[in-house]
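Residue numbers (the numbering used here): 13 to 141.
The beta-carbon is built from N, C-alpha and C at its ideal position, and this holds for glycine as well.
This structure is a prediction, so every number in the text was calculated from the model and none was measured.
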(Lines of atoms letter the chains of each structure in order from A; the text may use other names.)
(Lines give C-alpha, C1' and ligand atoms only; values in the text may rest on other atoms or scores of the structure.)
Protein backbone atom coordinates (compact mmCIF):
# COMPACT_ATOMS: atom_id res chain seq x y z
CA UNK A 13 0.00 0.00 0.00
CA UNK A 14 1.36 3.39 -0.92
CA UNK A 15 2.24 5.66 1.96
CA UNK A 16 -0.40 8.31 2.54
CA UNK A 17 -3.32 6.21 1.30
CA UNK A 18 -5.75 4.28 3.47
CA UNK A 19 -7.64 1.10 2.69
CA UNK A 20 -11.42 1.00 2.26
CA UNK A 21 -13.40 -0.12 5.29
CA UNK A 22 -16.76 -1.85 5.57
CA UNK A 23 -19.62 -0.94 7.94
CA UNK A 24 -17.75 -2.59 10.84
CA UNK A 25 -14.87 -0.18 10.32
CA UNK A 26 -12.71 -3.05 9.05
CA UNK A 27 -11.27 -4.16 5.71
CA UNK A 28 -13.74 -6.43 3.92
CA UNK A 29 -13.57 -10.08 5.00
CA UNK A 30 -11.35 -9.29 8.01
CA UNK A 31 -12.41 -11.62 10.85
CA UNK A 32 -13.34 -10.04 14.13
CA UNK A 33 -15.16 -10.86 17.36
CA UNK A 34 -17.87 -8.21 17.41
CA UNK A 35 -18.80 -8.94 21.04
CA UNK A 36 -15.44 -7.56 22.22
CA UNK A 37 -13.82 -5.83 19.23
CA UNK A 38 -14.34 -2.55 17.40
CA UNK A 39 -12.81 -1.81 14.03
CA UNK A 40 -10.45 1.15 13.75
CA UNK A 41 -12.93 2.89 11.45
CA UNK A 42 -15.59 2.72 14.19
CA UNK A 43 -13.11 4.03 16.76
CA UNK A 44 -12.19 6.95 14.49
CA UNK A 45 -15.88 7.68 13.87
CA UNK A 46 -16.48 7.82 17.63
CA UNK A 47 -13.64 10.32 18.05
CA UNK A 48 -14.96 12.38 15.15
CA UNK A 49 -18.44 12.39 16.74
CA UNK A 50 -17.00 13.69 20.00
CA UNK A 51 -17.78 10.54 21.98
CA UNK A 52 -16.18 10.20 25.41
CA UNK A 53 -13.64 7.52 24.48
CA UNK A 54 -10.21 6.66 25.83
CA UNK A 55 -7.57 4.60 24.08
CA UNK A 56 -5.45 2.29 26.23
CA UNK A 57 -2.12 1.23 24.73
CA UNK A 58 -1.09 -2.13 26.22
CA UNK A 59 2.08 -2.65 24.16
CA UNK A 60 5.68 -2.65 25.37
CA UNK A 61 7.61 0.59 25.78
CA UNK A 62 9.90 -0.32 22.88
CA UNK A 63 6.83 -0.61 20.62
CA UNK A 64 5.44 2.71 21.85
CA UNK A 65 8.80 4.30 21.08
CA UNK A 66 8.31 3.30 17.42
CA UNK A 67 4.67 4.27 16.95
CA UNK A 68 1.83 5.66 19.03
CA UNK A 69 -1.65 7.09 18.77
CA UNK A 70 -1.73 10.57 20.30
CA UNK A 71 -3.66 10.93 23.53
CA UNK A 72 -3.54 7.26 24.49
CA UNK A 73 -3.14 6.06 28.07
CA UNK A 74 -0.12 3.75 28.24
CA UNK A 75 -0.04 0.72 30.55
CA UNK A 76 1.81 -2.34 29.24
CA UNK A 77 -0.16 -5.57 29.50
CA UNK A 78 2.51 -7.08 31.76
CA UNK A 79 1.99 -4.28 34.30
CA UNK A 80 -1.80 -4.05 34.16
CA UNK A 81 -2.65 -6.36 37.06
CA UNK A 82 -0.54 -4.18 39.37
CA UNK A 83 -1.73 -0.89 37.87
CA UNK A 84 -5.42 -1.52 37.13
CA UNK A 85 -6.43 0.98 39.82
CA UNK A 86 -4.94 3.72 37.59
CA UNK A 87 -7.92 3.13 35.31
CA UNK A 88 -10.60 3.73 37.97
CA UNK A 89 -11.45 7.10 36.41
CA UNK A 90 -12.38 5.25 33.20
CA UNK A 91 -14.89 2.79 34.72
CA UNK A 92 -17.85 4.73 33.27
CA UNK A 93 -16.24 5.67 29.95
CA UNK A 94 -15.75 3.78 26.71
CA UNK A 95 -12.26 2.30 26.84
CA UNK A 96 -10.68 0.91 23.67
CA UNK A 97 -7.53 -1.14 24.16
CA UNK A 98 -4.97 -1.57 21.39
CA UNK A 99 -1.73 -3.41 20.86
CA UNK A 100 0.19 -4.20 17.68
CA UNK A 101 -2.28 -6.55 15.98
CA UNK A 102 -5.16 -7.10 18.41
CA UNK A 103 -4.22 -10.26 20.31
CA UNK A 104 -2.92 -8.72 23.55
CA UNK A 105 -5.60 -6.03 23.53
CA UNK A 106 -8.29 -8.72 23.38
CA UNK A 107 -6.83 -10.34 26.51
CA UNK A 108 -6.63 -6.97 28.27
CA UNK A 109 -10.21 -6.06 27.32
CA UNK A 110 -11.50 -9.36 28.71
CA UNK A 111 -9.38 -8.91 31.87
CA UNK A 112 -10.88 -5.44 32.41
CA UNK A 113 -14.42 -6.67 31.78
CA UNK A 114 -13.89 -9.28 34.51
CA UNK A 115 -12.94 -6.42 36.83
CA UNK A 116 -16.07 -4.35 36.30
CA UNK A 117 -15.30 -2.30 33.19
CA UNK A 118 -18.53 -2.60 31.23
CA UNK A 119 -17.71 -0.56 28.12
CA UNK A 120 -14.24 -1.84 27.22
CA UNK A 121 -13.29 -3.05 23.76
CA UNK A 122 -10.28 -4.32 21.85
CA UNK A 123 -9.39 -2.49 18.64
CA UNK A 124 -9.29 -5.18 15.96
CA UNK A 125 -6.09 -5.15 13.96
CA UNK A 126 -4.32 -2.97 16.51
CA UNK A 127 -2.08 -0.03 15.72
CA UNK A 128 -0.90 -1.81 12.57
CA UNK A 129 -4.38 -1.71 11.02
CA UNK A 130 -4.90 1.82 12.41
CA UNK A 131 -1.82 2.88 10.45
CA UNK A 132 -3.04 1.20 7.27
CA UNK A 133 -6.69 2.20 7.46
CA UNK A 134 -6.88 5.47 9.44
CA UNK A 135 -3.57 7.28 9.85
CA UNK A 136 -0.70 6.32 7.53
CA UNK A 137 1.52 8.83 9.37
CA UNK A 138 1.70 6.29 12.23
CA UNK A 139 4.78 4.17 11.47
CA UNK A 140 4.34 0.44 10.90
CA UNK A 141 6.68 -2.11 12.42
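When only Cα atoms are considered, residue 42 and residue 32 end up about 13 Å apart. Rounded to the nearest angstrom, the Cβ distance from residue 17 to residue 134 is 12 Å, too far for a contact under 8 Å. Rounded to whole angstroms, the separation of the alpha carbons of residue 141 and residue 28 is 23 Å.
The Cβ atoms of residue 59 and residue 76 lie closer than 8 Å to each other. Note on geometry: alpha-carbon atoms of residue 115 and residue 84 lie some 9 Å from one another. Just measuring C-alpha positions, the residue of 95, 103 and 130 sitting nearest residue 54 is 95.
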